Amino acid sequence: MNLPRSFPLLLTVLAGALVSASGPIAGPGDTQPRIDDISLRVSGKSTSLVIEVSEPVPYVATRPDPVTVILEFRNTTAKAAVHAVAKSVRDSIAAVYVEPSEALGAPIVRVRIALAQPLAHHVRSDRNKVIVELDKPEKQAKQAMSPAQPPPAVRPRPAIDPIAALGLDNGSGPSASVPAAAAPTPAAMPAPGPQPQARDAATPPTTALAAVQGPRLFQTPQPQTTIPQPTMTPLGTGQPTERQYSGHPISLDFQGADLRAVLRTFAEISGLNIVIDPRVTGTVDVALRDVPWDQALDMILRANSLGYVVNGTIVRVAPLDALEAEQRKIRDLARAQAEAGQMTTLTRQLSYAKGEEIVKLLTDARVLSPRGTAYVDGRTNTVILTDLADRLQNATQLITTLDTAQPQVEIEARIVQTNKDYARALGVQWGFNGRVDPALGNTTPLAFPNTGNLGGRAPGTPGSGGLQGQTGGAGTTRVPTAVDLGVAGASSAAGLALGSVNGAFNLDIALSALERSGNGRLLSTPRVTTQNNIPAEVTQGVQIPYQTVSNNTVTIQFKDAALTLRVTPQITAVNTVIMQISVENASPDFARALHDIPPINTQRANTQVLVADGQTTVIGGIYVSNEQSNTDRTPGMSRLPLLGWLFKRDAVTDASTELLIFITPRIIKG
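Counting along the sequence shown from 1, when you hit position 68 you're at 67 in numbering that gives the first Met the number 0, and nothing is skipped either side.
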């Protein structure tokens with residue numbers, strides 16, 4: 000036997016074509032609709048049982064066991080119903096019974112369909128006809144159990160609390176336990192003839208499904224024994240996807256149905272005690288297939304701007320604006336009752352906090368009631384409060400928490416600046432002087448040129464050594480040089496002077512050299528102590544005056560050139576310190592002054608850091624390196640082999656500066 004994957008409980012309340020000429024559903028005092036005919040239709044794919052009613056009526060379809068399908072028609076009679084089951088389809092339907100009954104003061108007709116074997120069924124309506132379609136039995140279904148045979152053991156489905164299904168179970172949710180499996184007795188199966196119904200009218204006309212390993216069987220739900228007592232909670236306003244629905248699946252098809260009648264139907268479906276507000280009016284048009292009943296109820300309420308509240312075991316349905324107005328009145332009444340008490344005055348002298356800040360905090364945080372007032376006496380730093388006793392108690396607790404001594408923090412900054420300088424230079428100077436003159440007896444044999452003088456034209460460099468006058472003697476006249484590539488400010492020099500006997504030719508040469516290296520280190524250590532969350536600043540240095548002219552008015556202003564530390568500490572609960580830091584090290588450079596106003600060399604760092612108590616961190620670092628290599632030479636002559644050094648000067652300079660800023664916070668305890 001090939002059973003479908005699941006036999007969902009099909010609970011269908013149909014009111015199709017209610018807006019047609021048939022008019023609304025008849026009440027107990029009107030002419031009752033009636034079931035006129037029950038017939039069978041057979042096709043190649045399915046067998047259908049057609050129930051023809053005099054007009055469209057709502058109905059409920061249930062399946063209490065695998066071989067029984069029951070349809071209940073409310074406000075309906077069955078005076079002339081025809082019972083017809085063709086012999087050719089006895090492999091699908093064994094019998095059809097019509098059972099008149101009554102529930103909630105209204106007549107009900109139950110049509111019980113006894114199946115020859117468990118088959119999937121589908122219920123639909125076509126105007127005034129209700130059609131029950133049964134799938135064709137499979138070949139192996141010949142040996143399926145008959146209505147007179149007991150079904151296999153089933154596992155009953157746990158009972159679902161209807162209040163919990165609406166999401167009002169205070170978080171406990173419906174029970175997930177499954178009772179032990181039990182086999183029903185043959186007496187529990189429907190007999191071939193009509194069976195009386197002993198179900199109480201208040202019992203919900205729904206059944207539940209329970210899946211077990213192997214074939215899927217069905218069992219009626221267990222009766223409710225307890226219902227939780229949730230507090231009154233407005234619902235129906237959240238997002239549909241936020242809730243988890245746990246009701247059994249139903250199918251609904253309403254067209255122009257009265258909203259109040261549909262809500263009463265849900266009372267029977269779910270077993271809820273429902274009270275409908277008189278302001279609930281309107282009609283319902285909805286078509287749902289196999290959705291949880293609590294989700295269907297939620298969607299219908301949303302579509303009509305309705306909500307519900309639960310008080311004990313009773314669910315009251317009302318418009319959302321009405322529920323909101325009620326809740327608002329309840330809150331206003333509770334607030335009015337709370338604020339109707341006697342006013343009391345309290346004074347509290349503060350030790351550490353400022354009264355103005357406490358008053359502002361109490362006002363902004365709405366600690367006081369609308370009738371309450373708060374003032375501060377600045378002379379004694381006392382807060383004066385007037386309010387209800389419970390509000391004063393809350394204000395006192397808050398003041399006690401805030402009026403405490405704040406810890407202090409000592410922040411030490413170390414600014415380390417290092418300088419390295421290296422220079423090396425090597426240069427040469429030389430010059431010559433030669434004369435052709437009759438006085439020296441070395442004239443030329445030509446009429447022109449007969450006499451002459453040849454010498455260097457570059458000016459001599461004082462202090463370079465050598466290159467003296469042709470008459471000799473140190474410190475005498477200087478002569479121009481042919482090559483002037485000496486080292487300025489040379490710390491070492493060597494000179495050589497050569498000349499002829501008659502002074503017709505003189506040669507003077509000087510070598511100069513310089514090599515310098517130096518290291519410097521500057522340490523500045525500003526230190527400041529402040530309270531938690533209180534900014535502090537310490538400065539040491541000079542102010543540089545400068546003039547400004549505006550509207551023919553000369554004004555002297557000052558610019559700081561100082562070492563400054565600004566910090567705002569915040570102590571955390573784990574003894575770490577968050578610091579907003581600004582460190583600046585500025586110094587005047589008089590060597591490059593312009594109109595007696597020196598530029599200011601500045602090193603600055605602005606940051607926020609988190610440092611543990613007593614630990615040191617580097618918040619800034621600057622490294623500057625300057626390397627230079629220079630060569631001065633005489634074009635062409637400096638490239639002569641071996642003699643090229645006489646025509647060039649080499650200099651190398653290497654300077655570097657490094658700046659590091661260290662910060663160390665220390666929390667002062669006690």
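Backbone N, C-alpha and C define an ideal beta-carbon position, used for all residues, glycine too.
These numbers come from a predicted model, not from an experiment.
Assuming the contact rule is C-beta atoms closer than 8 angstroms, residue i and residue j should be a hit. Round their C-beta distance to whole Å, please.
i    : j    : result
A286 : D331 : Wrong, their Cβ atoms sit about 42 angstroms apart, outside the cutoff.
R315 : Y307 : 6 angstroms
S92  : I112 : According to the sequence provided, residue 92 is Ile. The question's Ser does not apply to it. At roughly 6 angstroms, the Cβ-Cβ gap stays under 8 angstroms, so I92 and I112 are in contact.
I660 : G619 : 4 angstroms
A394 : V366 : 5 angstroms
R259 : V274 : Actually they are not in contact, since the Cβ atoms of R259 and V274 sit about 11 angstroms apart, beyond 8 angstroms.
I410 : V527 : 6 angstroms
T282 : A324 : Not a contact, Cβ separation roughly 25 angstroms.
G455 : T480 : 5 angstroms
T633 : K647 : 7 angstroms
S516 : Y421 : 5 angstroms
A496 : Q428 : Actually they are not in contact, since the Cβ atoms of A496 and Q428 sit about 12 angstroms apart, beyond 8 angstroms.
D386 : A352 : So it is not a contact: roughly 19 angstroms between Cβ atoms.
Between residue i and the rest of its own chain, which residues show a CB-CB distance below 7 angstroms, the 5 nearest in sequence each way excluded?
i    : result
S523 : I414, L562, N584
I555 : P544, Q546
N449 : T442, T443
Enumerate in chain order the residues of its own chain whose CB-to-CB distance from residue i is below 6 angstroms, with the five nearest sequence positions on each side excluded.
i    : result
E536 : R565
G613 : R665
S47  : R40, I130, E132
S511 : G426, S463, G485, V486, A489, A492
E626 : D653
S624 : S655
D588 : P597, P598, N600
In the DSSP assignment, what residue or residues form a beta bridge with residue i?
i    : result
F72  : Y58, V108
W429 : V482, I508
R40  : S47
Y96  : R111
A585 : T601
E132 : S47, H121
Y622 : E657
P664 : I410
S91  : The partner list for S91 (beta bridge, DSSP) is empty, contrary to what the question assumes.
D64  : T67
D363 : According to DSSP, D363 bridges with nothing at all.
R648 : D631
Q341 : Beta-bridge pairing links Q341 to no other residue.
Q579 : T567, Q607
A493 : L510
E101 : P106
V358 : For V358, which the question treats as bridged, DSSP gives no partner whatsoever.
Should residue i be labelled buried (16 or more other beta-carbon atoms within 10 Å of its own) or exposed?
i    : result
A560 : buried
H594 : exposed
P437 : exposed
F557 : exposed
G354 : buried
V617 : exposed
F447 : exposed
V68  : buried
G43  : exposed
G264 : Note on residue identity: the sequence assigns Thr, not Gly, to residue 264. Flag for T264 reads buried.
G488 : exposed
G270 : buried
R390 : buried
P534 : exposed
S250 : buried
G519 : exposed
S124 : buried
D320 : exposed
E514 : exposed
Can you determine whether any heavy atom of the ligand ZN sits closer than 6 angstroms to the C-beta of residue i, and answer yes or no?
i    : result
E338 : The model on display carries no ligand, and the ligand ZN is accordingly not part of it.
Excluding sequence positions up to five away, which residues of its chain have a Cβ less than 8 angstroms from the Cβ of residue i?
i    : result
L439 : N501, G502, A503
A266 : N272, I273
V375 : G354, E355, I357, V358, T381, V382, I383
P406 : Q530, N531, I570, I666, I667, K668
T575 : L609, V610, A611, D612
V553 : Q546, T547
Q: Within the segment 506-563, note down every full beta strand (DSSP E) run reaching 3 residues or more, in order along the chain.
A: Qualifying beta strand (DSSP E) stretches, in chain order: 526-530, 535-549.
**Q.** alpha helix (DSSP H) runs contained entirely in the segment 372-442, provided each spans 4 or more residues
**A.** Annotation note: the segment 372-442 contains the following uninterrupted alpha helix (DSSP H) runs of length 4 or greater, listed N- to C-terminal: 388-401.
Q.
Threshold first: 4 residues or longer. Then list the alpha helix (DSSP H) segments lying entirely within the segment 281-335, N to C.
A. Counting only runs of 4 or more, we get 292-302.
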